[in-house]
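Those protein sequences? They're chains A and B, same order as listed.
In this text, residue positions in the first sequence follow the working numbering: the first is 314, and each later residue adds one.
In this text, residue positions in the second sequence follow the working numbering: the first is 42, and each later residue adds one.
This report concerns only the one structure given below.
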Amino acid sequence: MKLKAVGFTIGAAFGFIVGWARLTDYDVIRDMLLLRHPDVFLVMMSAMVTAAIGARLLRALHVRSVLDARPIAWTTQPPQRKHVVGSVLFGIGWSLAGTCPGPVAAQLGRGQLAALFTIGGLLTGIFVHDRIRVRREAPIPRTTGQQPTAVAGL
Amino acid sequence: MEGILTTPAPWYLAGPLIGLLVVLLLWLANKPFGALGGYIEFTEWAAGSRGDLGWRPLLIAGVVAGGLLSALLSRGWRPTLAYGSFDVVFGSALWVKAVVLFAAGVLIGLGGRMAGGCTSGHGVCGTSLGSPASMLCTATFMATAVTCALALAWMSGA
């Protein structure tokens, strides 16, 4: 319950900042991708640097997480083929829609109703991926409760 | 409340604030930040392969609420189907918008699911935590999106 409240609050702050910085505007994203304005790149880079410093400080100071009481930790993944293939598809979709999974939710909140088409496609894409995977591999085990470890990404 | 946020947040404010949210989520819940996971959990739940909704879909609900608040504080909440210069690039017919955005959404969902993350999950959080996969993903989707956008602008002349 507390975890859900934290998730909602962090999401609300994120949506507010994304809306305030106009990262919800098609033209802002398009101008970034056409290399006309560096601002969105600077947003991403400064966010990354801030998070990198903060996360390492938490780990170096052996800070324990407030909710799960364990030391702050994360796991990383080695690069694989699926990362390249998936990211190429993602990049094409991103440039066509002028938005990605975070900002599209803020678009909806701001009343940019075209976001409904994008979100509909997004959910369909995830569903199709999982169907294909189910058919090609073993069925996905039913997941309940929390994931065992925190993997960077998602 | 309207008109309080008249100017958009500059990058040097928005970027570090988003970075702090990544740190805050790590400190509070020991979880990596990312938007895509919320849609994945929701899809699994809707498809019946997941019993209950976790914290990730709530993060997305929060993003919707935060976006709403940002609109209320600036130009007010005015729902619209207009989508900036998308209407110039692709034309303003509603069916075109529906088809292009839905197809783009499928690529984002399928590709992001395959890559295990999106612009926030890999691009901001994963790279900051030093994940080699996230760095590869970010370089790949950035290069692809820039190439694609330039090609699209060249073809449409807009």
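C-beta: ideal position from N, C-alpha, C; glycine also.
Item	Value
Closest Cα partner of residue 191/B within the set 324/A, 346/A, 331/A and 335/A	346/A
Status (buried if at least 16 other CB within 10 Å, exposed otherwise) for residue 338/A	buried
Interface residues of chain B facing residue 373/A [CB-CB closer than 9 Å]	The premise fails here: residue 373/A is roughly 13 Å from chain B at the closest Cβ pair, so nothing lies under 9 Å.
9 Å Cβ cutoff met for residue 164/B and residue 326/A	no
Sub-9 Å separation of residue 76/B and residue 384/A beta-carbons	no
From 173/B, 72/B, 62/B and 187/B, residue whose alpha carbon lies closest to that of residue 390/A	173/B
Cross-chain neighbours of residue 101/B in chain A, by beta carbon under 7 Å	324 and 418
Contact list for residue 383/A against chain B, beta-carbon separation under 8 Å	71
Where residue 319/A falls, given that 16 or more other Cβ within 10 Å makes a residue buried	buried
Through-space distance from residue 357/A to residue 56/B, alpha-carbon basis	6 Å
Contacts of residue 449/A in chain B (Cβ-Cβ under 9 Å)	What residue 449/A touches in chain B: nothing, since even the nearest Cβ is about 12 Å away.
Whole-Å CB distance - residue 59/B paired with residue 360/A, under 8 Å assumed	4 Å
Members of the stretch 134-149 of chain B near chain A, C-beta cut-off 7 Å	138, 139, 141, 142, 143, 144, 145, 146, 147, 148 and 149
Residue 333/A burial status per 10 Å Cβ neighbour count (16 or more: buried)	buried
Residue 384/A (DSSP reduced to helix, strand or coil)	strand
Cβ-Cβ distance between residue 380/A and residue 70/B below 9 Å	yes
Integer Cβ distance of residue 419/A from residue 108/B, believed to fall under 8 Å	3 Å
Pairwise C-alpha distance: residue 179/B and residue 186/B	10 Å
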